Every structure is written in C-alpha cells, then in structure tokens.
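Residue numbers (this note's numbering): 57 to 366. Glycine included, every Cβ here is placed at the ideal spot set by N, Cα and C. Since the structure is predicted, the reported quantities are computational estimates derived from the model, not experimental observations. Encoded as structure tokens, the structure appears first; notes follow it.
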Ligand code: NAP
C-alpha cells in the first residue's frame, strides 16, 4: 500500500510540525509521519518558558498539541507509523522519493527529515539492566516515583540541571554528578540550582557502574582527578548526558557529520535534491524549540521552491 503527497515530513516535534504547517499553508499536500506522540522531546518538558509569546510559560505537552492542531487545521495529514528507510528519487518511484514505513509507503516530491534526537546512554554496566528499576532518562515521567528518596542526576547541561530542579519537588536530596568541575548549563539554571538547598554537586566524577538488585541502590564512581573509586548510595539515577540524532534509518542515503547529524546548508537542503532536514537532527542545531521551529519553516519554504522548479 502507498500514499502520495507533495511533502512528506518525518517527525512531529517542533521542527516537523512547523514544517508541516508551512508546507500545508502553501497549498502543498502534506503528510507528517510520527511513530509516537506529537511534540517530540518537548513533550517531556514540564514548562517551556523560552518560547516567544507565552509570557507565563507553557507545558511542553500543551505546546506540542497546539503545534500539531495548527498543522492539521492548515491541512497537513498525520500518519502514525515508524519510518524504516528513505529511498531517494534517483532510485525511487517515478522520480519521487519513497519513505518506507511500518504502515505504508509514502511517495513524495519532497521530504523533510525532522526526526530529532534520542537520549544518550552512559553505556556502563547495570544501566540497561536497571532501566525502569531506578535508572531513568525522563525526570518529568518518573520523578513522582522518588518521593522522599535520594536521587542522582548525571550530566552538567541544561537538561541535567532542569531535571535536578524538577526532582527537588519529590526527592529529599538530588545530587548532580558531573564529569568536570564546571557546568555547561545556562547561568540562570546554575543560579537556581545553587540556591536550592536540596541540590548538591559531586564534581569530577564519572559513573562506572549502576548497582542494585532488584532496583538501584548505588552508583560506583571514579574521581577523574585522583582515580579514586567510591560507592554513592542512591535510590534513583537520572541520566541527562545529551542526545544522539535519530538518523539510523537513513542508512548512508544522506551525508551525515561525524556525530551522525544531517549536513545541511542555510536553506536546510541536504546533499540529495528534494530532501531537507530541520531541528535537532541537523548539523550544528542550537537544539532549542524556537530554532527547531524556524528550521522547519525554512525547510518547508525550500521544499516549496524545489517542487515549483520540477
Ligand atoms: P548537552 O548540552 O550536550 O549536555 C550534556 C551534558 O552531559 C554535558 O554536561 C556533558 O559533559 C555531559 N556528558 C556527555 N556525555 C557524558 C558521559 N558519557 N558521561 C558523563 N557526562 C556526560 O545536552 P542537554 O543538557 O541535553 O542539552 C541539549 C540542548 O538542549 C542544549 O542546547 C540545551 O541548551 C538545550 N536545552 C535547553 C533547555 C532550556 O531550558 N532552555 C532545557 C534542556 C535542554 P561536558 O559538559 O563535560 O561535555
């Protein structure tokens, strides 16, 4: 089975939804393909307070829902399916690109890849085994399970500090374990964390193993300066060490950088004519909701130009 459209957008985070909105508003038949809930990573954000226009901030889920409704009202169709591969026009159907999905093929004149990124794992023993039993990648989802418990957050970026602050609502103590002695997170977040008596920091420490049976009871740490090994007791471990782009399904079809992100130019064009990329999946993304949405709009305008040149 297959569906045909002018623009296929892969991913329904802010980049994909903005691309879908702009493409549909341009009068192009548009299908947004998403395997999960619309909103992408922001669906995990309890509050987005840096998206212009929402003076009091807005929950990530709500913002994602608004973006999705707006794209659908403009005429974009949503297909819930997992994309398995992209066949470029040169090898595709009648000069069109083919997006192969778990449901049906989507045949399109232009494709916008907006698949974002997924959580990076630490890759240490015990992490995978104890995921869901004390190891988590989502403070918003799992924080309420840690009322009056001691938790650790691994990482030193905006996500780690946002998670740590959110976890103070539930946990009795939140220890941020960071591999350096300086945070990458914004100054505003650092100040909030510094002012919160429930947040403590363990500097120059890397997790070597997550321990516990049947649930997490501690982490084994290595001091990066002295090499000293220690055990730190915790009930939960929240891993917030960044993300990896979701480009596995591309299988070498589009040029990627060394980190696996799609290489684009200022018009969001990839090295394949008629295939564009937007948001966290692209090289050098600022990884903000507003920049992802901007990328999506740029990609859709470029797709429109490309289609009218066919
Ligand atoms: P990030 O900025 O890449 O930070 C990842 C953190 O994890 C860094 O502190 C890094 O350490 C550490 N790390 C990476 N690999 C590690 C490993 N194997 N073991 C231990 N630590 C490791 O990722 P992010 O915090 O998820 O943020 C991603 C983007 O989203 C950023 O652009 C951020 O500004 C944005 N964001 C914004 C907000 C907001 O409120 N505006 C909230 C969340 C995220 P080093 O510092 O040593 O490299």
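For the pair residue 212 and residue 232, the CB atoms are nearer than the 9 Å cut-off.
In the three-state reduction of the DSSP assignment, residue 337 falls in the helix class. Closest option to residue 68, judged by alpha-carbon separation, among 113, 121 and 238: 121. Within the stretch 71-126, the complete beta strand (DSSP E) segments of 3 residues or longer fall at 86-90, listed in chain order. Rounded to the nearest whole angstrom, the C-alpha separation of residue 312 and residue 235 is 28 Å. Looking at the DSSP output, residue 323 shares a beta bridge with no other residue. The C-alpha of residue 226 lies about 26 Å from the C-alpha of residue 286. Contact annotation: residue 86 and residue 137 have beta-carbon atoms that are not nearer than 9 Å. With a threshold of 16 other beta carbon atoms within 10 Å, residue 90 meets it and is buried. Rounded to the nearest whole angstrom, the C-alpha separation of residue 323 and residue 356 is 9 Å. Under a 10 Å Cβ-count criterion, residue 228 is classified as exposed, with fewer than 16 other Cβ atoms of the shown protein chains found around its own Cβ.
A contact is defined here as three or more CB-CB pairs under 8 Å, and the stretch 301-308 meets this definition with respect to the stretch 163-181. DSSP, reduced to helix, strand and coil, places residue 310 outside both helices and strands of the structure shown, so it counts as coil. In the assembly as shown, residue 366 is an exposed residue. Its beta-carbon has fewer than 16 other beta-carbons within 10 Å. Taking C-beta atoms as the reference points, residue 64 and residue 155 count as a pair closer than 9 Å. Counting other Cβ atoms within 10 Å of its Cβ, residue 61 reaches 16 or more and is therefore classed as buried. Annotation for residue 76: 65, 86, 88, 127 and 132 place their beta carbon closer than 7 Å to its own, counting only its chain and skipping 5 residues before and after.
Contact check for residue 294 against residue 195 passes: the beta carbons are separated by less than 9 Å. If you ignore the 5 residues before and after residue 341, its C-beta comes within less than 8 Å of the C-beta of 317, 335, 347, 348 and 351, all in its own chain and listed in chain order.
When the five nearest sequence neighbours on each side are left out, the beta carbons in the same chain lying within less than 7 Å of the beta carbon of residue 144 are those of 153, 309, 328 and 331, in order along the chain.
Remark: the shortest separation between the CB of residue 242 and any heavy atom of the ligand NAP falls under 8 Å.
At a Cβ-Cβ threshold of 9 Å, residue 275 and residue 208 count as neighbours.
For residue 98, the closest of 83, 124 and 84 by C-alpha to C-alpha distance is 124.
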